[in-house]
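Adding 4 to a residue's 1-based position in the sequence shown gives its number in this note's numbering.
Below is one structure; the comments refer to it alone.
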Amino acid sequence: LLSRLTTETSAQIRQQLRKTIGMAGGISLLCLAVVTGWWNEIGEKNKPFRLGEAPNWFIHDAAKFAGQPGFPDRAFVAHLGQAEVYVYHQGPQRKVFMDARLEVCTQRTFEKFNEALQDMATGNSRWLRWFQDGDLPVVILDSRHSRPAINGLLQTPTWRLVFADRTAAVFLPLIQAESLQLPTADPTPLIYPDGPPKNSKTNLPPTDGRN
């Protein structure tokens with residue numbers, strides 16, 4: 005009986021050892037795939053393995069542009085993860101509508117944020133009721149996750165695109181943009197944040213310069 009138990013225990017140990025070695029081998033292969041770039045190649049090709057920030061992801065230039073003299077002291081920034089970039093460059097003097105990192109925003113604030121994005125996308129000015137007249141924010145929308153809102157504001161005559169690069173669009177109320185003598189920016193850089201892929205189509209409408 006003792007011999008039988010010893011044999012069964014040894015078999016279980018060998019089986020567990022084989023599983024452990026197999027798992028270790030699989031994890032090692034995944035790590036190797038990430039480091040060599042193979043994992044990025046079979047994915048969306050937008051997150052290569054490297055140190056530092058991913059290119060064309062963070063709205064640094066847009067945040068700096070939106071902090072120049074004459075611009076509003078408040079900013080509506082989307083998506084949620086980009087608000088911190090504006091705060092980094094312009095805080096604490098200038099404020100954002102919502103910085104979700106702090107996790108102290110009320111449910112209603114989150115609801116207002118999402119409702120505002122939906123209103124922008126459909127050309128509905130209802131979201132402006134949350135701001136006092138003459139105290140409208142600068143609107144900064146990232147090029148990857150806020151495209152419907154960008155499309156909507158591009159076609160809203162009372163707002164003007166004043167800055168655009170591959171990471172973000174900056175909009176000002178038309179009256180304020182004209183007072184600052186800021187022309188309509190070219191929206192083309194927003195179309196392909198990572199460069200144009202083959203056989204792709206844009207979902208950004210052309211601007212006719214009227215706004």
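Even for Gly, the Cβ is constructed at its ideal location relative to N, Cα and C.
Predicted model only: the values in this text are computed from it and were never measured.
Whether residue i touches residue j by CB criterion (9 Å)
i    : j    : result
G127 : Q94  : no
P197 : W61  : yes
F75  : L165 : no
I1   : A173 : Residue 1 is absent from the model: the chain starts at 5 and stops at 215.
I63  : T188 : no
L176 : W163 : yes
D169 : L132 : no
A87  : R105 : yes
L84  : F117 : yes
D65  : F135 : no
T160 : S129 : yes
Y92  : A58  : no
Burial state of residue i (16 or more Cβ within 10 Å)
i    : result
R18  : exposed
V39  : exposed
V108 : exposed
A15  : exposed
F114 : exposed
S150 : buried
L21  : exposed
L158 : buried
T90  : The sequence given here places Tyr at residue 90; Thr does not occur at that position. The residue in question, Y90, is buried, as its Cβ has 16 or more Cβ neighbours within 10 Å.
M102 : buried
A28  : exposed
L36  : exposed
L186 : buried
Residue range of the unbroken beta strand (DSSP E) whose run includes residue i
i    : result
P177 : 172 to 177
F75  : Taken as a continuous stretch (DSSP letters only), F75 belongs to no beta strand (DSSP E), as it is neither H nor E.
R112 : Element bounds for R112: not the beta strand (DSSP E) but the alpha helix (DSSP H), 111 to 126.
Unbroken alpha helix (DSSP H) run spanning residue i, endpoints
i    : result
R78  : Where R78 is concerned, there is no enclosing alpha helix (DSSP H), although the beta strand (DSSP E) it sits in stretches over 78 to 82.
V143 : V143 -> not in any alpha helix (DSSP H); beta strand (DSSP E) instead, spanning 142 to 146.
L165 : Looking at the DSSP string, L165 is not in any alpha helix (DSSP H); the run it does join, the beta strand (DSSP E), is 163 to 168.
R85  : This sequence places Gly at residue 85; Arg is not what is there. No alpha helix (DSSP H) holds G85; DSSP gives it neither H nor E.
I63  : Segment: none, I63 is in no alpha helix (DSSP H) and carries neither H nor E.
I154 : 151 to 158
Beta-carbon separation (whole angstroms), residue i vs residue j, contact threshold 8 Å
i    : j    : result
A79  : V142 : 5 Å
A120 : G156 : Contact doesn't hold; Cβ gap of about 11 Å is too wide.
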